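Colleague: This is the structure, below, for whatever I ask next.
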Ligand code: FES
């Protein structure tokens, strides 16, 4: 018998706007949710928690990026994070990083680690 918990389906790749981001509510029992940023076929998924004080990053639904869509921005104190690795490059948590969430894409569906918040 296989006791492995299956990975959780997050959404279809096409549900994440190309060049934009999408927010996902916390799973049961979790405080912070997730968000994904997509550039074409490239996707990153992070926990929606600023390393500065642990609040959600977005200031409105699905609003995680700066005006040029070049960085992830925290809506509370304006920290900027690189999209590719979540590293904070400007702001009160410079040098800290967003928590990456393991994911995989199969048949156009984004799956995350079953332990993800
Ligand atoms: S809570 Fe994100 S920069 Fe302060």
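In our numbering, the protein residues as written are -7 to 109. All residues carry an ideal CB built from backbone N, CA and C; glycine is no exception. On a predicted model such as this, the values are computed, not experimentally measured, just so you know.
1) Just to confirm, is the Cβ distance from residue 101 to residue 31 under 8 Å?
2) What number of angstroms, rounded off, separates the C-alpha of residue 38 from the C-alpha of residue 94?
3) In the structure shown, what three-state DSSP assignment does residue 44 receive?
4) If you run the structure through DSSP and keep just helix, strand and coil, what is residue 34?
5) Less than 7 Å separating the Cβ of residue 69 from some heavy atom of ligand 1?
6) As a quick exercise: from 6, 104, 49, pick the residue whose alpha carbon is nearest that of residue 78.
Modeller: With the structure as the only source:
1) Residue numbering aside, residue 101 sits at position 109 when the chain shown is read from its first letter. Residue numbering aside, residue 31 sits at position 39 when the chain shown is read from its first letter. Residue 101 places its beta carbon 8 Å or farther from that of residue 31.
2) By one-based count along the chain shown, residue 38 stands at place 46. By one-based count along the chain shown, residue 94 stands at place 102. The straight-line gap from Cα to Cα measures roughly 9 Å.
3) Looking up residue 44 in the chain shown gives position 52. Here residue 44 sits in coil by DSSP.
4) Mapped onto the chain shown, residue 34 falls at position 42. Taken through DSSP and simplified to helix, strand or coil, residue 34 comes out as strand.
5) Within the chain shown, the letter at position 77 stands for residue 69. Yes, the beta carbon of residue 69 sits closer than 7 Å to at least one heavy atom of ligand 1.
6) Sequence index remark: in the chain shown, residue 78 carries index 86 (1-based). Here the closest residue by C-alpha is 49.
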